[in-house]
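This report refers to the structure that appears directly beneath it.
Protein chains: 2
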Amino acid sequence: MREVQLTNTMSLSNNKIKYIRSLKEKKFRDEHHTFVAEGIKLVFDLLETCRCQFLAATPEILATYPEIRAEEIVEANISELKKATLLTTCPPVIAVFHQPENKLEEIILKDKLTLVLDGVQDPGNVGTIVRIADWFGIGHIVCSPDTADLFNPKTVQATMGAIARVRVSYTDIAFFLTKNSHLPVYGTFLDGENIYTKELSTEGLIVMGSEGKGIRPETAKRIGRKLFIPNFPLNRTTSESLNVAAATAIICSEFRRRTF
Amino acid sequence: MREVQLTNTMSLSNNKIKYIRSLKEKKFRDEHHTFVAEGIKLVFDLLETCRCQFLAATPEILATYPEIRAEEIVEANISELKKATLLTTCPPVIAVFHQPENKLEEIILKDKLTLVLDGVQDPGNVGTIVRIADWFGIGHIVCSPDTADLFNPKTVQATMGAIARVRVSYTDIAFFLTKNSHLPVYGTFLDGENIYTKELSTEGLIVMGSEGKGIRPETAKRIGRKLFIPNFPLNRTTSESLNVAAATAIICSEFRRRTF
Numbered sequence: 000m001r002e003v004q005l006t007n008t009m010s011l012s013n014n015k016i017k018y019i020r021s022l023k024e025k026k027f028r029d030e031h032h033t034f035v036a037e038g039i040k041l042v043f044d045l046l047e048t049c050r051c052q053f054l055a056a057t058p059e060i061l062a063t064y065p066e067i068r069a070e071e072i073v074e075a076n077i078s079e080l081k082k083a084t085l086l087t088t089c090p091p092v093i094a095v096f097h098q099p100e101n102k103l104e105e106i107i108l109k110d111k112l113t114l115v116l117d118g119v120q121d122p123g124n125v126g127t128i129v130r131i132a133d134w135f136g137i138g139h140i141v142c143s144p145d146t147a148d149l150f151n152p153k154t155v156q157a158t159m160g161a162i163a164r165v166r167v168s169y170t171d172i173a174f175f176l177t178k179n180s181h182l183p184v185y186g187t188f189l190d191g192e193n194i195y196t197k198e199l200s201t202e203g204l205i206v207m208g209s210e211g212k213g214i215r216p217e218t219a220k221r222i223g224r225k226l227f228i229p230n231f232p233l234n235r236t237t238s239e240s241l242n243v244a245a246a247t248a249i250i251c252s253e254f255r256r257r258t259f
Numbered sequence: 000m001r002e003v004q005l006t007n008t009m010s011l012s013n014n015k016i017k018y019i020r021s022l023k024e025k026k027f028r029d030e031h032h033t034f035v036a037e038g039i040k041l042v043f044d045l046l047e048t049c050r051c052q053f054l055a056a057t058p059e060i061l062a063t064y065p066e067i068r069a070e071e072i073v074e075a076n077i078s079e080l081k082k083a084t085l086l087t088t089c090p091p092v093i094a095v096f097h098q099p100e101n102k103l104e105e106i107i108l109k110d111k112l113t114l115v116l117d118g119v120q121d122p123g124n125v126g127t128i129v130r131i132a133d134w135f136g137i138g139h140i141v142c143s144p145d146t147a148d149l150f151n152p153k154t155v156q157a158t159m160g161a162i163a164r165v166r167v168s169y170t171d172i173a174f175f176l177t178k179n180s181h182l183p184v185y186g187t188f189l190d191g192e193n194i195y196t197k198e199l200s201t202e203g204l205i206v207m208g209s210e211g212k213g214i215r216p217e218t219a220k221r222i223g224r225k226l227f228i229p230n231f232p233l234n235r236t237t238s239e240s241l242n243v244a245a246a247t248a249i250i251c252s253e254f255r256r257r258t259f
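Going down the list, the protein sequences come from chains E and H.
Each residue of the first sequence is one higher than the last, beginning at 0 in numbering that gives the first Met the number 0.
Each residue of the second sequence is one higher than the last, beginning at 0 in numbering that gives the first Met the number 0.
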């Protein structure tokens, strides 16, 4: 049945190359409501859950994986893929997916842990956090509008496929936290309580702040349970903070540890 | 006393700009045995522990911090700094430091935890791991020769100043682990034991593998204590692994938690 889907079996057109490269920019991703993913692992993870608009791959890949389904499949040689790739090392497969609709109103918060990102700027950090959420069974992440775009190619790559399993929404988080103030709301602060000894619930919102400025005062006001990841030994001169993805990893691990 | 140190108060020469930019490449860093650091926080952290060969800053920075000491200080305007910077956002201060000598034979392993990196490729990951080590009071990191260079500007920036406090050495780690086989050697494996419930020592070596391939078989042979960070819920389809820096954060946190 593959043949039906093929519109061009032999080469990747310049228009398509231009289209793929344009998706590096948010304005074009927003216009087309699509995003790029590259590399076998990532593309195949996404094929399971996202609609693929367009897939370009080497003849070897297409022969090895005859089950690939997409609205359009193009056989491409490496020199064509090299012109299209946004990575430094050219992958054998590049695909464009329709952006999934992650509607905030569909998020179920009851009996679940949910991450809230308050202005995390770096796409690599956001992608790594999506991957951490996936590992620890956190199904939703709610982000402030100034958090790095989920569909930025750097974010997509850093998720290593977890983008296919974790739903990420963008909204006014001060409003979101106020609306959900019946839930426990956690955040890390230098004057917070030792996370290792503090009681942690299996339901609630965990807020992570931006790389440079941490959690905004407007957001902090809405956080009832202030935590701290103790440095070692205490009171030693050390880094002022941990990288936000590293801190997220520790916090999620600590919440889940309690269930073992 | 500052005046004595100034060789050029008014501009950053093209030769200096070329020199700074050349240090993006390892061969030039090796040749000069120096590295670049940019931005106030990072440069000031390094000034406390590393010898500064050369510092260029805006007049405002030099006026605000008259205590700055370097072998050579140059006042530079933003357009000059823009030509020199390796970052996308131009910082008000750029400095070149002599590489500290982190001699492996001077590392004290007794009664300490030490990280061992087995081919961690990404400079950002190595830098983040240095910052994690600093937070958790791990004073030394021993790396295989194919681990990303500590003095790569991306590594230096990701350490956020922790590079000033953590010593990093490069060596044949199979040999290093064999030589120190009297110490507990830990590593994470998919078939390892639950890290949350396993007994952990306050002394030992913790091995972290590369992003793509994990711990090499040659290295794995020398690891007696195999750990696993459980995903949640267990047996659910999830990411195949955590980012190496995220995993390092969780492991270091878990070792230190036991002391609280």
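Backbone N, C-alpha and C fix where the C-beta goes; we use that ideal spot for every residue, glycine too.
Please read these numbers as outputs of a predicted model, since none were measured by experiment.
query, result
"Please state whether the Cβ-Cβ distance between Leu176 of chain E and Thr218 of chain E is less than 8 Å.", "yes"
"Just to check my reading of the structure: Phe254 of chain E and Leu108 of chain E have Cβ atoms closer than 8 Å, yes? What is that Cβ distance to the nearest angstrom?", "In fact, because the Cβ distance is near 15 Å, the residues do not count as touching under 8 Å."
"Run through the DSSP bridge pairs and tell me what Gly123 of chain E is partnered with.", "Looking at the DSSP assignment, Gly123 of chain E forms no beta bridge with any residue, so it has no partner."
"May I ask which residues mark the beginning and end of the alpha helix (DSSP H) holding Val155 of chain E?", "Pro152 to Thr158"
"If you check the beta carbons only, do Glu70 of chain E and Ala163 of chain E fall under 8 Å apart?", "no"
"If I measure Cβ to Cβ from Ile194 of chain H and keep anything under 8 Å in the same chain, skipping five residues before and after, which residues do I get?", "Thr187, Leu226, Phe227, Ile228, Pro229, Ile249, Ile250 and Glu253"
"Which stretch, first to last residue, makes up the alpha helix (DSSP H) that contains Leu204 of chain H?", "Premise fails: Leu204 of chain H lies in the beta strand (DSSP E), Gly203 to Gly208, not in any alpha helix (DSSP H)."
"Would you say His32 of chain E and His97 of chain E are within 8 Å of each other, going by their C-beta atoms?", "yes"
"Just the chain E side, please: which residues come within less than 7 Å of Ser238 of chain H by C-beta, in chain order?", "Arg130, Asp133, Trp134, Met159, Gly160 and Ala161"
"Counting only beta-carbon atoms, is Pro90 of chain E nearer than 8 Å to chain H?", "no"
"Please list, in chain order, the chain H residues whose beta carbon lies closer than 7 Å to that of Gly123 of chain E.", "Gly123"
"Using only CA atoms, which one of E:Thr127, E:Ala36 and E:Ile137 lies nearest to Ala83 of chain E?", "E:Ala36"
"Can you find a CB in chain H that lies within less than 8 Å of the CB of Ile228 of chain E?", "yes"
"Mind checking which residues open and close the beta strand (DSSP E) that includes Tyr169 of chain H?", "Arg166 to Tyr169"
"With a cut-off of 8 Å, does the C-beta of Tyr195 of chain E fall near any C-beta of chain H?", "yes"
"Rounding to the nearest angstrom, what Cα-Cα distance links Thr236 of chain E and Ala245 of chain H in this structure?", "23 Å"
"Among H:Asp133, H:Gln120 and H:Ile137, which residue has its Cα nearest to the Cα of Asn151 of chain H?", "H:Gln120"
"How would you list, in chain order, the residues of chain H whose beta-carbon sits under 8 Å from the beta-carbon of Leu241 of chain E?", "Arg130, Ile131, Trp134 and Ala248"
"Distance cutoff 8 Å, beta carbons only. Does Pro99 of chain H sit that close to anything in chain E?", "no"
"Looking at the secondary structure, which residues open and close the alpha helix (DSSP H) in which Tyr18 of chain E lies?", "Asn13 to Ser21"
"Using three-state DSSP, classify Ile140 of chain H as helix, strand or coil.", "strand"
"Measuring only between beta-carbons, confirm whether Arg256 of chain H sits less than 8 Å from chain E.", "yes"
"Can you say whether Phe259 of chain E is buried or exposed, counting buried as having 16 or more other CB atoms within 10 angstroms of its CB?", "exposed"
"In angstroms, rounded to a whole number, what distance separates the CA positions of Ala75 of chain H and Val167 of chain H?", "32 Å"
"Just the Cα atoms here: how many angstroms apart are Glu210 of chain H and Ile137 of chain H?", "21 Å"
"What does Pro232 of chain E touch in chain H if you count any residue whose Cβ is under 8 Å from its own?", "Gly136"
"Could you give the distance in angstroms between the alpha-carbon of Lys178 of chain E and the alpha-carbon of Glu202 of chain E?", "16 Å"
"For Arg256 of chain H, tell me which candidate among H:Lys40, H:Lys197, H:Thr127 and H:Lys212 has the shortest Cα-Cα distance.", "H:Lys197"
"Ignore the nearest five residues each way along the sequence and tell me which others in Ile19 of chain H's own chain have a CB closer than 7 Å to its CB.", "Val35, Ala83, Ile93 and Val95"
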